[in-house]
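Enquirer: First residue of the sequence shown? That's 101 in our numbering, and the numbers climb one at a time after it.
Every residue, glycine too, gets a C-beta built ideally from N, C-alpha and C.
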Amino acid sequence: MERILTTDYVFHRDFTKEYPIISYGKGIYLYDKNGKSYIDACSGAVAANLGHGIEEIAQAIADQAKKAAFVHTMRFETDILHLLSEKIGKLAPEGLNRVYFTTGGSEANESAIKLARQYHKDSGKEGKHVVIGRWQSYHGNTFGSLSAGGDIKRRQPYTPNLLPFQHIYSPNCRHCPYNREKGDCEQHRDWSCVQDFERLILQIGPENISAFIAEPITGSQLGAVAPPQDYFKEIREICDRYDILLILDEVMTGFGRTGKHFALEHFGITPDIITFGKGVSAGYAPLAGMIASDKIIDSLIQHSQGKFIHGYTYSGHPVSVAAGLSALRIYERENIVENAKVMGSYLLHKLLELKEKYPFIADVRGEGLLIGIELLKSIQPSAAFPVNYKISERLNELAMELGAVIYPGSGSIDGVAGDHFIISPPLNISKDEIDELIIILDHSLKLLIQELKEALAL
Ligand SMILES: Cc1ncc(COP(=O)(O)O)c(C=O)c1O
101 MERILTTDYV
111 FHRDFTKEYP
121 IISYGKGIYL
131 YDKNGKSYID
141 ACSGAVAANL
151 GHGIEEIAQA
161 IADQAKKAAF
171 VHTMRFETDI
181 LHLLSEKIGK
191 LAPEGLNRVY
201 FTTGGSEANE
211 SAIKLARQYH
221 KDSGKEGKHV
231 VIGRWQSYHG
241 NTFGSLSAGG
251 DIKRRQPYTP
261 NLLPFQHIYS
271 PNCRHCPYNR
281 EKGDCEQHRD
291 WSCVQDFERL
301 ILQIGPENIS
311 AFIAEPITGS
321 QLGAVAPPQD
331 YFKEIREICD
341 RYDILLILDE
351 VMTGFGRTGK
361 HFALEHFGIT
371 PDIITFGKGV
381 SAGYAPLAGM
391 IASDKIIDSL
401 IQHSQGKFIH
411 GYTYSGHPVS
421 VAAGLSALRI
431 YERENIVENA
441 KVMGSYLLHK
451 LLELKEKYPF
461 IADVRGEGLL
471 IGIELLKSIQ
481 PSAAFPVNYK
491 ISERLNELAM
501 ELGAVIYPGS
511 GSIDGVAGDH
521 FIISPPLNIS
531 KDEIDELIII
541 LDHSLKLLIQ
551 ELKEALAL
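Spelled out as structure tokens, the structure:
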């Protein structure tokens, strides 16, 4: 849809597009003002993890707004801040207990990067300031988080403004940048990307490196790609060897998305900082944050008079915290994490059936209800569709016309080429609703292949 002239006052995400106006949502559905329904098959941006229109959360928000909508955490705290921190702290691995709130995931990662820096400075390691991230990883759009991330398309316009953080390749085993066979590293216990991590540390000098940041399962950039089972154990060992803090970005994966409270549980490791966002409030209010290890907090108390030199006006905003507390109570009461696991295997199975039907579906992978589907023009040898076709975007347009929203992405081969999309519906989705979604997806894929056949003579 081409927008010729904008006559409204909105700074649109994309001025060439016309967006449906949503009137309300209920469960997994969103309804626009013409009454058309959309299955929210990606929970917005993998955030609306309990679906829409939950009265209980709306009531908790309204009640808190009436009591005290805003208190500044430099002067006051609220009971609910303590209650929510305790709930989150108890879900985290042993030794990570203190919860710091922000409003978004980018701010959460900014905070983690600064906390790592302050920790090392306090310990007399003045030089440690460089963060190592990974290519094809996303940690947010503020300058610190964008610099730590490796999303080429989002970084490119701002390159001169970015911090000189460093990057290693992600364990993207289907398209290994080292041309290793999938499974080979694990079998021989010599991971090329892990070896490069150590090499980079030695090149820069460990005395200059403060933290390594990674998504446990890479979301938007790779389309739900999990690393080999022992990858993070190797990374943890190297971080320990060189006194580098390990930050795991669970902004997308936290709070049950992958069928565990945190995705790190799939790999049996404990980081120094966990960042979270999105699912914590199920999208009902802007809320994110980080969980810091006792080691870091002890150091703050010992060396910095107990103060983290950082903070936002809206850190721990009571209305957002009320939304988070209410959402987490529902997660617990309704056994949402288990539902994500069970419905996740059902959805995976149904998507694998679609893979049999459409040869351009190269891979279906993921954990729980974070599932990635990769689209390739040819699988053997592996060849991407032309980048300018933006086929995952096109698939989303077709799906939206038919009544479902998916999460399109690209760059899964090398950061630029390769198309994928994520299916990440609300975690309380039912089997019947999955079946309904699969019918729409099937139809959308059929239409897409017809278009591609005409355009690319497939
Ligand atoms: C893994 C990850 N980290 C950080 C962010 C940034 O979060 P926000 O958009 O809330 O700032 C995102 C957002 O998609 C994300 O997926």
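Please look up how many angstroms separate the CB atoms of Ile-335 and Val-294, rounded, as I've assumed it's under 8 Å.
Expert: The pair is a contact, with the Cβ atoms about 6 Å apart (cut-off 8 Å).
Enquirer: Is there at least one non-hydrogen atom of ligand 1 closer than 6 Å to the beta-carbon of Tyr-200?
Expert: Flag unset: Cβ of Tyr-200 not near ligand 1.
Enquirer: Alpha carbon to alpha carbon, how far is Thr-370 from Ala-216?
Expert: Computed Cα separation, rounded: 16 Å.
Enquirer: Given this structure, state the Cα-to-Cα distance separating Ser-544 from Val-325, to the nearest angstrom.
Expert: Answer to the nearest angstrom: the Cα atoms are 23 Å apart.
Enquirer: Please report how far the alpha carbon of Leu-183 lies from the alpha carbon of Pro-526, in whole angstroms.
Expert: Going from the Cα of Leu-183 to the Cα of Pro-526 covers about 24 Å.
Enquirer: Return the first residue and the last residue of the beta strand (DSSP E) that Leu-346 is part of.
Expert: Its beta strand (DSSP E) spans residues 345-349.
Enquirer: Going by the CB atoms, is the gap between Asn-528 and Ile-436 shorter than 7 Å?
Expert: Yes, they are a contact pair.
Enquirer: Inspect the beta-carbon positions of Ser-320 and Gly-509 and report whether they are closer than 7 Å.
Expert: For Ser-320 and Gly-509, yes; Cβs fall inside 7 Å.
Enquirer: Determine the DSSP secondary structure at Leu-476, reduced to helix, strand or coil.
Expert: Coil, per DSSP.
Enquirer: I need the DSSP call for Leu-130, collapsed to helix, strand or coil.
Expert: Strand at Leu-130.
Enquirer: Since Arg-465 is in the beta strand (DSSP E), which residue starts that stretch and which ends it?
Expert: Element bounds for Arg-465: 461-467.
Enquirer: Go ahead and pull the three-state DSSP assignment for Ser-510.
Expert: Correct three-state label for Ser-510: strand.
Enquirer: Helix, strand or coil for Met-101? Go by DSSP, reduced to three states.
Expert: With a pLDDT of 46 at Met-101, under the threshold of 50, the predicted position of this residue should be treated as unreliable, though the coordinate-derived value follows. Residue state, collapsed to three classes: coil.
Enquirer: Which class does Thr-375 belong to by DSSP, given the choice of helix, strand or coil?
Expert: In the structure shown, Thr-375 sits in a strand (DSSP, three-state: E or B).
Enquirer: Hey, quick one: how far does the alpha helix (DSSP H) through His-520 stretch, first residue to last?
Expert: Premise fails: His-520 lies in the beta strand (DSSP E), 519-523, not in any alpha helix (DSSP H).
Enquirer: Under the rule that 16 or more other beta-carbon atoms within 10 Å means buried, what is Asp-394, buried or exposed?
Expert: Exposed, because fewer than 16 other Cβ atoms sit within 10 Å of the Cβ of Asp-394.
Enquirer: Between the C-alpha atoms of Leu-495 and Ala-314, what's the straight-line distance to the nearest angstrom?
Expert: One C-alpha to the other measures close to 29 Å.
Enquirer: Would you report the Cα separation of Asp-108 and Gly-204, rounded to the nearest angstrom?
Expert: If you take the alpha carbons of Asp-108 and Gly-204, they lie about 27 Å apart.
Enquirer: So the candidates are Glu-210, Ala-499, Leu-498; which of them puts its Cα closest to the Cα of Leu-263?
Expert: Comparing Cα positions, the closest option is Glu-210.
Enquirer: Would Gly-444 be called buried (16 or more neighbouring beta carbons within 10 Å of its own) or exposed?
Expert: Buried: at least 16 other Cβ atoms inside 10 Å.
Enquirer: Report back the beta-carbon spacing between Leu-150 and Ala-427 to the nearest angstrom; my notes put them in contact at under 8 Å.
Expert: Yes, they are in contact, since the Cβ atoms of Leu-150 and Ala-427 sit about 6 Å apart, within 8 Å.
Enquirer: Please state whether DSSP places Ile-313 in a helix, a strand or coil.
Expert: Of the three classes helix, strand and coil, the one that applies to Ile-313 here is strand, per DSSP.
Enquirer: With a cut-off of 8 Å on the beta carbons, I'd call Leu-387 and Val-421 a contact; round off their distance for me.
Expert: Indeed, because the Cβ distance is near 7 Å, the residues count as touching under 8 Å.
Enquirer: Could you tell me whether the Cβ atoms of Val-419 and Gln-164 are closer together than 7 Å?
Expert: For Val-419 and Gln-164, yes; Cβs fall inside 7 Å.
Enquirer: Does ligand 1 have a heavy atom nearer than 6 Å to the CB of His-239?
Expert: At least one heavy atom of ligand 1 is nearer than 6 Å to the Cβ of His-239, so yes.
Enquirer: Is Thr-259 buried or exposed, if buried means 16 or more other CB atoms sit within 10 Å of its CB?
Expert: Exposed, because fewer than 16 other Cβ atoms sit within 10 Å of the Cβ of Thr-259.
Enquirer: Apart from the five residues just before and just after Gly-472, which ones in its own chain have a Cβ nearer than 6 Å to its Cβ?
Expert: These residues qualify, in order along the chain: Gly-323, Ala-324, Arg-465, Gly-466, His-520, Ile-522.
Enquirer: Relative to the alpha-carbon of Thr-202, which residue among His-220, Ala-192, Ser-185, Thr-353 has its alpha-carbon at the smallest distance?
Expert: That would be Ser-185, whose Cα lies nearest to the Cα of Thr-202.
Enquirer: Enumerate in chain order the residues of its own chain whose CB-to-CB distance from Thr-242 is below 6 Å, with the five nearest sequence positions on each side excluded.
Expert: Hits under 6 Å: Ser-206, Glu-210.
Enquirer: Does the distance between the C-beta of Ser-206 and the nearest non-hydrogen atom of ligand 1 fall short of 6 Å?
Expert: The answer is yes for Ser-206.
Enquirer: Leaving out five residues before and five after Leu-400 in sequence, what residues of the same chain have Cβ atoms less than 8 Å from its Cβ?
Expert: Within the same chain, Leu-400 has close Cβ partners Gln-218, Tyr-219, Asp-222, Gly-406, Lys-407, Phe-408.
Enquirer: For Met-101, I'd like the list of residues in its chain whose CB is within less than 7 Å of its CB, leaving aside the five on either flank, ordered along the chain.
Expert: The pLDDT assigned to Met-101 is 46, lower than 50, so where the model puts this residue is not dependable, and the model offers no usable value.
Enquirer: If you follow the alpha helix (DSSP H) that Gln-266 is in, where does it begin and where does it stop?
Expert: Taken as a continuous stretch (DSSP letters only), Gln-266 belongs to no alpha helix (DSSP H), being part of the beta strand (DSSP E) at 266-268.
Enquirer: DSSP beta-bridge partners for Met-390?
Expert: Tyr-200, Thr-375, per the DSSP bridge assignment.
Enquirer: How far does the alpha helix (DSSP H) with Ile-409 in it reach, from first residue to last?
Expert: Segment: none, Ile-409 is in no alpha helix (DSSP H) and carries neither H nor E.
Enquirer: Counting along the chain, where does the alpha helix (DSSP H) carrying Asp-535 start and finish?
Expert: Run containing Asp-535: 531-556, per the alpha helix (DSSP H) assignment.
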